[in-house]
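First residue of the sequence shown? That's 4 in this note's numbering, and the numbers climb one at a time after it. Just so you know, even glycine gets a beta-carbon here, dropped at the ideal spot from N, CA and C. Heads up, the thing below is written out as structure tokens.
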Amino acid sequence: MNQRPSEEEYSGDFGDYIRLVPEGNIIEILLTQEKQMTVLLASLTESQGAYQYAEGKWTLKEVVGHIADIERIMTYRLLRFSRGDQTTLPGFDQELFMPPFGSWTIGQLTEDYRAVRQSTITLLRGLPAEAWSRRGKASNLSITARALAYVCAGHELHHKAVIRNRYLS
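So, in structure tokens, the structure goes:
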């Protein structure tokens, strides 16, 4: 899939993430991100994973866990909408998804991240052409399956920049 979502395919803050994604095939972009994240995680010590750059901020491990959990949520939405389900999906509180990650090892986070990303890629590879433009509503915002795939990539790009600038600088 090489077609970027148009601005009519999403609303709200989703565009902030979508605009971060470079041109190209979204599946190839997600595969490249997986390789880069796996290399990054392999370079970390447990001490680096437990680092918080300020009081009340997430640890680096919590950021990685957050990336995986948000991708799970976005691909769940993508699955429902791409199949034609018009059920309005609720929003969520990202803080509720945080508790376990601080106690996980870097190895556990890597395994989890890779499993989520591979599931996303498998889902996207199996979508028929017409499914990419199917639309649904989540968190009271309208969005297409294509835009949700870009949100996954852009959300990771956003957080990788935070990791570089706040955790590893």
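Euclidean distance between Cα positions of residue i and residue j
i: I29; j: T48; result: 31 Å
i: H162; j: L63; result: 10 Å
i: E11; j: I146; result: 8 Å
i: Q97; j: L127; result: 24 Å
i: L160; j: A134; result: 25 Å
i: P8; j: F17; result: 11 Å
i: V165; j: R137; result: 32 Å
i: Y3; j: R149; result: As displayed, the chain neither begins before 4 nor continues past 172, which places residue 3 out of reach and without an answer.
i: I124; j: A132; result: 15 Å
i: Y56; j: Y116; result: 22 Å
i: S142; j: L81; result: 13 Å
i: V67; j: D88; result: 30 Å
i: P102; j: H69; result: 10 Å
Segment limits, alpha helix (DSSP H) that includes residue i
i: K163; result: A148 to V165
i: A71; result: L63 to S85
i: D115; result: I109 to R128
Close Cβ partners of residue i (< 7 Å) along its chain, the five nearest in sequence each way excluded
i: V119; result: A71, E74 and R75
i: L34; result: I124
i: S156; result: Correcting the residue type first, residue 156 is Ala in the shown sequence and not Ser. Excluding positions up to five away in sequence, the list reads V24, I29, I32, L33 and Q36.
Start-to-end residues for the beta strand (DSSP E) that takes in residue i
i: G139; result: R138 to A141
6 Å Cβ shell around residue i - same chain, five flanking residues per side excluded
i: L144; result: S14 and G15
i: R169; result: Y56
8 Å Cβ shell around residue i - same chain, five flanking residues per side excluded
i: P25; result: I32
i: W107; result: K64, G68 and D115
i: R22; result: G157
DSSP bridge partner residues for residue i (one or two, in chain order)
i: L144; result: A141
i: L92; result: A141
Open item on the list: Restricting to runs no shorter than 4 residues, where is the alpha helix (DSSP H) found entirely within the stretch 23-47?
Closed with: Fully enclosed alpha helix (DSSP H) runs of 4 or longer: 29-45.
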